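**Student:** Sequential numbering from 10 applies to the sequence shown in the numbering used here. From the three backbone atoms N, C-alpha and C, an ideal C-beta is built for every residue, glycine too. Quick caveat: nothing in here was measured; it's all calculated off a predicted structure. Sharing a structure here in C-alpha cells format.
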Amino acid sequence: MLNHYVPLKCDYCGEDLLKKGGNVIFMTKFDYSHGTKEYISIYFACKGDCDVELTRQNQVEGISSGWRDVKEFTNPYLYLNFIMAFINGLKKGHKYSEQAYERMKDIFLIFGQKVFRQPTHEEMENANLTFSLPPI
Ligand SMILES: [Zn+2]
10 MLNHYVPLKC DYCGEDLLKK GGNVIFMTKF DYSHGTKEYI SIYFACKGDC
60 DVELTRQNQV EGISSGWRDV KEFTNPYLYL NFIMAFINGL KKGHKYSEQA
110 YERMKDIFLI FGQKVFRQPT HEEMENANLT FSLPPI
C-alpha cells in the first residue's frame with residue numbers, strides 16, 4: 010500500500026518490531042465522570058527491557074498503561090476490530106493527545122503493510138481517478 014517499506018521502530022532501541030515482534034503500549038487516563046479515556050501517549054517497544062524502561066519513563070500518577078502484542082495488529086480480523094473500536098471511541102468521547110493521534114495513524118498505516126494486499130494495476134488507475142475528484 011505504501012510506496013516503500015516503513016518499519017515499526019522500537020521507541021527505545023530502534024529495532025523493527027514488524028520483524029522482531031514487540032508490544033504497542035497505550036498510556037491512558039480514565040475520566041470517571043464521563044466514562045471516557047484520554048490517550049496520553051502511545052509507544053512501540055520490544056518485549057522485555059525496552060518495554061519495561063519505556064513504561065517506567067512514562068509512568069505518571071493517574072495514568073494507566075496497557076499493551077497489545079504487535080501480532081494482534083497483523084491479524085486482519087483484529088486489525089479491523091481495532092479500527093472500529095477507535096471510531097466508536099471517538100463517538101463515545103475518547104480523547105487523544107497530538108502524539109497519541111499521530112501514533113494511531115502510524116498503527117493503521119504501518120500495520121496496513123501486513124494486512125492489505127497490493128492493489129492491482131487497474132485498481133491503482135481507479136484510485137488515481139478517484140483522487141482527482143473532489144472529496145465527498
Ligand atoms: Zn527495543
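Identify every run of the alpha helix (DSSP H) within the stretch 38-71, keeping only runs that are complete inside it and at least 4 residues long; order them along the chain.
**Tutor:** Fully enclosed alpha helix (DSSP H) runs of 4 or longer: 58-67.
**Student:** What does the Cβ neighbour count give for residue 118, buried or exposed, with the cut at 16 atoms within 10 Å?
**Tutor:** Within the sequence shown, the letter at position 109 stands for residue 118. Per the 10 Å Cβ criterion, exposed.
**Student:** Over what stretch of residues does the beta strand (DSSP E) that includes residue 75 continue unbroken?
**Tutor:** Along the sequence shown, read from residue 1 onward, the residue named residue 75 stands at position 66. Per DSSP, residue 75 belongs to the beta strand (DSSP E) from 73-78.
**Student:** Can you give the Cα-Cα distance for residue 78 and residue 138, rounded to whole angstroms?
**Tutor:** For this step, residue 78 is matched to residue 69 along the sequence shown. For this step, residue 138 is matched to residue 129 along the sequence shown. Straight-line Cα distance between these residues: approximately 37 Å.
**Student:** Taking the Cβ atom as the reference point for each residue, do residue 51 and residue 113 lie within a distance shorter than 8 Å?
**Tutor:** As a working note, residue 51 is residue 42 in the sequence shown. As a working note, residue 113 is residue 104 in the sequence shown. Going by C-beta atoms, residue 51 is nearer than 8 Å to residue 113.
**Student:** For residue 21, verify whether its CB is less than 7 Å away from any heavy atom of ligand 1.
**Tutor:** Along the sequence shown, read from residue 1 onward, the residue named residue 21 stands at position 12. Residue 21: yes, Cβ under 7 Å from ligand 1.
**Student:** Please go through the same chain and pick out, in chain order, the residues whose beta-carbon is closer than 8 Å to the beta-carbon of residue 15, but skip the five residues on each side of it.
**Tutor:** Residue mapping note: residue 15 aligns to position 6 of the sequence shown, counting from 1. The residues are 118, 119, 122.
**Student:** Does the count of Cβ pairs from the stretch 79-90 and the stretch 60-67 closer than 8 Å reach three?
**Tutor:** Contact between the stretch 79-90 and the stretch 60-67 is absent, because fewer than three Cβ pairs lie under 8 Å.
**Student:** Rounded to a whole number of angstroms, what is the C-alpha to C-alpha distance between residue 104 and residue 56?
**Tutor:** Residue numbering aside, residue 104 sits at position 95 when the sequence shown is read from its first letter. Residue numbering aside, residue 56 sits at position 47 when the sequence shown is read from its first letter. Cα to Cα, the separation comes out at about 27 Å.
**Student:** On the DSSP letters alone, give me the boundaries of the alpha helix (DSSP H) that residue 15 sits inside.
**Tutor:** Reading the sequence shown from its first residue, position 6 is the one you call residue 15. Taken as a continuous stretch (DSSP letters only), residue 15 belongs to no alpha helix (DSSP H), as it is neither H nor E.
**Student:** How would you call residue 28, buried or exposed, if buried means at least 16 neighbouring beta carbons within 10 angstroms?
**Tutor:** For the purposes of this step, residue 28 is taken as residue 19 along the sequence shown, with counting starting at 1. By the 10 Å Cβ count, residue 28 comes out exposed.
**Student:** Closest to residue 90 by C-alpha separation, out of 46, 69, 106, 124, would be which residue?
**Tutor:** Stepping through the sequence shown from its first residue, residue 90 is reached at position 81. For the residues 46, 69, 106, 124, the minimum Cα distance to residue 90 belongs to 124.
**Student:** Which residue's Cα is closest to the Cα of residue 41: 136, 144, 102?
**Tutor:** On the sequence shown, residue 41 is found 32 positions in, with the first residue counted as 1. Closest option to residue 41, Cα to Cα, is 102.
**Student:** Quickly, what does DSSP pair residue 25 with across the bridge? List them, please.
**Tutor:** Numbered from its first residue, the sequence shown carries residue 25 at position 16. Bridge partners of residue 25: 18.
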